[in-house]
Amino acid sequence: MRSSVIFVYLLLSILCVYCSQPKRIVDQMYISFDHARYCVRRLNGTHEIGCQSSASGNSGRMYMIDNDEEFNSYLMNTKLIDSSGSFIIVLNVNLFNTYYVDKLITSLSSKLNGLLLYLKSTPSRPEYFSHDDQCPNHRYSYYLNQTEIINWNSKGTGLFFRSFPFPIMLIDEEDDYKQLIKFYRQFNYSQSSSPTCGLELKSFQNAAHSSKTCIRRNDISHSLIDLEETFCDPVGGLNIYSKLPQSFIIIPKKRQPKSVILILTTTDSFQMFLKIKGTTGGAQQPATSLITFLALAHLIGQEQNEFKQQDKEIIFVTLDGDALDYSASFKFMFDMINGSFPIGNQNEEPIKVEHIHSIIEFQSLSLTDKLSLYTYPSSLINQTFIDTLVHNNPMIIPMAVDSSLPPASSQIFLRQTSSLSFPAYILTSTNQNQLSNHYYHSFFDDPSTLSINISSLEYNSTTEFSQWIKNIVESFGQTLIESFVGIKKNVTIKQEIINNLVYCILKNINCPLIHNVTNQSTGNSFDSSNETSLPFSINTYPVAATPTFPFVQNILSYFLRDRIYDTYNLNETTCKQYSNNDSFCSYTYVGGYAPSIMSEQSFDGYCVRSYIRSVSSMSPAFTIDNYDLSQTTYPAWTESRWTTISLRLFVIPTRKHEIITLVIGILLLSVSFIVCFILRYYTNISLLQPSSS
Amino acid sequence: MVSLSKKSPEERLNICRKYYRAGFAFLPLLWLINAIWFYKQAFKVESYPQQAQIRTYVIRSAIGTLIWIIIIVAWNITFQLLRTKMGPLGDFLTFVYPRGYY
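In structure tokens form, the structure reads like this:
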């Protein structure tokens with residue numbers, strides 16, 4: 001008895017060793033593509049946009065279309081179309097525009113079960129790939145009641161804002177494409193009687209119909225079931241603002257009218273095809289503007305002694321959420337009009353519309369030799385400022401008086417104040433009413449469009465791009481000093497600082513710069529985003545774990561810090577004591593960023609006194625009580641929630657194969673019934689009756 | 001299992017009456033069971049003095065069941081057709097929301 005037990009043990013262990021790579025049958029049936037980009041569903045007050053699949057995935061016979069001839073021959077091949085009940089069309093990314101998509105939808109109607117786009121190789125990317133509208137953000141533009149519309153993004157397809165009843169995914173990695181084409185050529189012939197490839201796309205979205213319905217369903221909970229299910233989240237991130245921590249207007253001292261200058265940029269973008277842990281695009285818009293903005297902040301911080309001699313405050317503001325109908329700008333203006341700008345200390349006199357002198361915005365900058373300066377309205381702009389700016393930087397070309405503004409956050413600032421209070425100056429890269437960005441709001445908008453070879457970019461590499469930024473920022477800083485302080489001074493910013501910013505934002509956020517300007521614990525939070533660039537995508541509320549906001553907050557506050565503290569040798573406890581006494585500024589103890597420090601002595605750590613505030617940038621539609629989300633006063637964008645996204649390839653057997661499998665199954669079933677019956681008949685074992693004798 | 005043949009006729013009438021009366025508390029299934037269970041007793045078995053009363057209870061239970069079936073089917077059809085058109089009211093009446101669909 002014991003020897004047989006030992007023998008069984010040995011046999012089992014040998015089997016376990018030899019069969020130690022157990023393969024589930026399902027793994028051998030499907031080939032899974034884990035690095036595919038997918039399209040999700042978003043909703044606004046009245047409509048839904050994006051793609052939706054069924055809960056168990058959309059599957060169909062795979063058919064690949066590479067060019068126009070194959071497309072036309074496919075549509076005329078009625079025999080092929082009739083041979084299968086559902087198709088997943090695999091389309092070359094160059095063919096993804098309204099003409100081909102609409103033709104597929106009308107010809108195939110319900111048979112079109114999904115679209116898979118592929119990119120053959122990185123150099124073969126299409127010249128234009130933008131799925132934003134031709135006139136971006138036209139629903140909330142400043143020019144709503146005018147008949148003449150300028151198509152700033154004329155190659156935009158507008159497909160992002162359409163609702164598709166099937167899932168759309170995109171393969172952008174070359175290995176995935178090679179694997180796909182290998183299987184396709186192996187299995188697919190034009191006759192329907194041989195085994196063919198099939199694809200299953202699963203990207204089930206929870207939300208439906210409109211933001212109004214979705215938010216209402218979020219809020220209703222039946223008390224019998226404890227768990228509340230959230231279907232969608234409102235779009236919104238953080239609006240961050242900072243300024244030089246000079247004198248504060250403490251109540252009851254009154255703030256002078258026209259004493260605040262706002263410098264604006266955005267920190268978000270969107271793309272039709274998302275990927276977990278993938279690049280989000282956004283190199284031209286908004287990364288270039290953000291880098292210019294941060295470099296200008298450093299320059300102002302550097303020259304803070306000059307700016308202390310005059311009474312105007314320069315506030316640097318980043319807006320998150322403007323890519324979708326300017327939600328963040330609406331929130332910012334809403335706060336300003338209601339007296340909650342700046343937040344934080346109630347003793348600080350609020351900044352209202354009459355206190356704003358002007359707004360300057362960096363928007364849609366690309367590496368172009370000429371930049372356009374748009375100004376509005378002509379009655380309020382300061383022509384000397386424009387002339388000084390153009391004189392300092394001949395690259396800047398002022399646009400004609402009262403010409404239409406490009407898509408920019410300033411449009412909302414002007415709209416909410418009826419353009420009667422302050423002028424707006426927008427610096428952008430446009431050419432004859434066309435944005436220079438070929439990949440506006442698309443994931444193809446990567447550093448290669450800025451002539452940067454990202455794989456060889458180092459922490460301190462000087463590129464054509466960073467020199468271009470240095471040129472713009474220095475001339476801008478010079479102009480600001482001349483206009484507001486009144487002295488002519490040649491200001492320079494170290495090339496190293498701009499190189500570091502470019503590296504951190506476009507290649508690797510976990511760079512020495514961010515560790516030098518943050519304390520230990522905040523710096524460690526960036527380690528999880530090692531080797532990723534700053535993500536520019538739609539953020540939802542509650543704020544996800546995106547590193548964009550801590551990155552901008554810490555760098556902006558460090559650049560605008562009170563530089564007197566660079567000369568003090570303080571330790572961490574003294575720094576904390578300072579913060580207990582000061583309720584307007586924040587004090588952090590950091591390692592110090594060497595290129596920014598002007599003093600000759602260097603210490604182990606520095607206490608940084610800075611002014612930084614962050615406000616939720618969710619549209620006022622979600623915070624006002626009893627606001628009907630289907631109204632159009634404020635935008636009401638939400639993003640649906642989803643669980644699993646998968647893309648799988650499998651083989652659809654021939655009709656004959658399927659019938660044989662079914663017949664064998666039925667035979668096995670009947671044989672097993674017969675065997676059991678025979679066993680029962682010829683043996684005496686009965687399990688139900690008690691054993692006798 | 002309660003076997004009606006083992007009970008006396010008074011006990012049978014008692015059970016039938018209890019089911020009939022309890023069914024008025026919005027419990028149509030009791031009426032349905034009453035009608036089906038006592039059908040044989042009411043119509044098929046040789047008559048005994050309480051059978052007439054049992055017969056009336058069975059007929060009334062059957063009518064009650066029919067009325068309830070009509071009400072439930074009508075409400076079901078109305079809800080299925082008008083749930084999305086009712087707006088907020090439709091969502092308040094729904095217990096489990098369809099994910100991903102309106």
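As given, the protein sequences belong to chains A and B, one line each in that order.
Number 211 in the UniProt record's numbering belongs to position 211 of the first sequence; there are no gaps in the numbering.
Number 52 in the UniProt record's numbering belongs to position 52 of the second sequence; there are no gaps in the numbering.
Backbone N, C-alpha and C define an ideal beta-carbon position, used for all residues, glycine too.
Handout entry: CB contact check: A/Ile220 to chain B, cutoff 9 Å
Key = yes
Practice task
Use the C-beta contact count for A/Gln310: other C-beta atoms within 10 angstroms, 16 or more gives buried, fewer gives exposed.
Solution key: exposed
Handout entry: Same chain only: Cβ atoms within 6 Å of A/Lys489, ignoring 5 sequence neighbours per side
Key = Ile481
Handout entry: Residue interval of the beta strand (DSSP E) (run including A/Asn239)
Key = 238-243
Problem - Limits of the alpha helix (DSSP H) - the one that A/Gln553 falls within - result: 548-559
Problem - Below-9 Å beta-carbon distance, A/Asn626 vs any chain B residue - result: no
Practice task
Quickly, what does DSSP pair A/Asp233 with across the bridge? List them, please.
Solution key: A/Glu639
Practice task
Would you list the one or two residues that DSSP bridges to A/Ala36?
Solution key: A/Ile171
Exercise for the section: Taking only the alpha-carbon atoms, compute the straight-line gap between B/Asn76 and B/Trp68 and give it to the nearest angstrom. Expected result: 12 Å
Practice task
Could you tell me whether the Cβ of A/Phe164 comes closer than 9 Å to any Cβ of chain B?
Solution key: no
Handout entry: Length at least 4, wholly inside the segment 501-528 of chain A: the alpha helix (DSSP H) runs in chain order
Key = 512-516, 520-524
Practice task
Residues of the segment 79-94 of chain B with a CB closer than 9 Å to any CB of chain A: list them in chain order, please.
Solution key: Thr84, Gly87, Pro88, Asp91, Phe92, Thr94
Practice task
Please decide whether A/Thr46 counts as near chain B, where near means a Cβ-Cβ distance under 9 Å.
Solution key: no
Problem - For A/Thr280, three-class secondary structure by DSSP - result: coil
Practice task
Would you please verify whether the beta carbon of B/Pro98 is less than 9 Å from any beta carbon of chain A?
Solution key: yes
Exercise for the section: For B/Pro49, I'd like the list of residues in its chain whose CB is within less than 8 Å of its CB, leaving aside the five on either flank, ordered along the chain. Expected result: Pro9
Problem - Proximity to A/Asp402 [Cα-Cα], best of A/Phe603, A/Glu349, A/Tyr142 - result: A/Tyr142
Problem - Test: A/Arg216 CB closer than 9 Å to a CB of chain B - result: yes
Problem - Buried/exposed call for A/Ser13, threshold 16 Cβ in 10 Å - result: exposed
Practice task
Under 8 Å between beta-carbons, which chain C residues line up against A/Thr213? List them in chain order, please.
Solution key: Reference to chain C is not applicable here, since the protein chains of this structure are A and B.
Handout entry: Spatial neighbours of residue 694 of chain A in its chain, beta-carbon cut-off 7 Å, leaving aside the 5 residues before and after
Key = In the structure as shown, chain A starts at 1 and stops at 693, and residue 694 of chain A therefore has no counterpart that could be examined.
Exercise for the section: Output yes or no for whether 9 Å exceeds the beta carbon distance between A/Ile505 and A/Glu474. Expected result: no
Exercise for the section: Would you kindly report the start and end of the unbroken alpha helix (DSSP H) that includes A/Ser41? Expected result: According to the sequence as given, residue 41 of chain A is Arg; it is not Ser. Premise fails: A/Arg41 is in no alpha helix (DSSP H) and is neither H nor E.
Handout entry: Where the alpha helix (DSSP H) through A/Gln596 begins and ends
Key = The sequence shown places Ser at residue 596 of chain A, not Gln. Premise fails: A/Ser596 is in no alpha helix (DSSP H) and is neither H nor E.
Exercise for the section: Answer yes if the segment 232-242 of chain A comes into contact with the segment 272-284 of chain A, meaning at least three C-beta pairs across the two stretches below 8 Å, and no otherwise. Expected result: no
Problem - Proximity winner among A/Ser289, A/Ile276, A/Lys253, relative to A/Asp268 (alpha-carbon distances) - result: A/Ser289
Practice task
Using a threshold of 9 Å, state whether the C-beta atoms of A/Asp133 and A/Phe161 are closer than that.
Solution key: yes
Practice task
Let me know the secondary structure DSSP gives A/Val590 once reduced to three states.
Solution key: strand
Practice task
Measure from the alpha carbon of A/Ser455 to the alpha carbon of each residue in A/Glu531, A/Cys575, A/Glu148, then state which is nearest.
Solution key: A/Glu531
Practice task
Give the residues of chain B in contact with A/Ala36, contact being defined as C-beta atoms less than 7 Å apart.
Solution key: Here the premise fails: no neighbours, minimum Cβ distance about 20 Å.
Problem - Three CB pairs or more closer than 8 Å across the segment 316-328 of chain A and the segment 533-548 of chain A - result: yes
Practice task
Figure out for me which residue from A/Phe677, A/Ile659, A/Val608, A/His657 has the closest Cα to the Cα of A/Pro245.
Solution key: A/Val608
Exercise for the section: Assuming A/Tyr374 and A/Met399 form a contact by the criterion Cβ under 8 Å, report the distance between their Cβ atoms to the nearest whole angstrom. Expected result: 5 Å
Handout entry: Sequence-distant residues of its chain with Cβ nearer than 8 Å to A/Pro653 (five each side left out)
Key = Pro195, Thr661
Practice task
Compare the C-beta of residue 710 of chain A with all C-beta atoms of chain B and state if any pair is closer than 9 Å.
Solution key: The question about residue 710 of chain A has no answer, for chain A in this structure spans 1 to 693.
Practice task
If I'm right that A/Tyr326 touches A/Tyr140 with Cβ under 8 Å, what's the distance once you round it to whole angstroms?
Solution key: 5 Å
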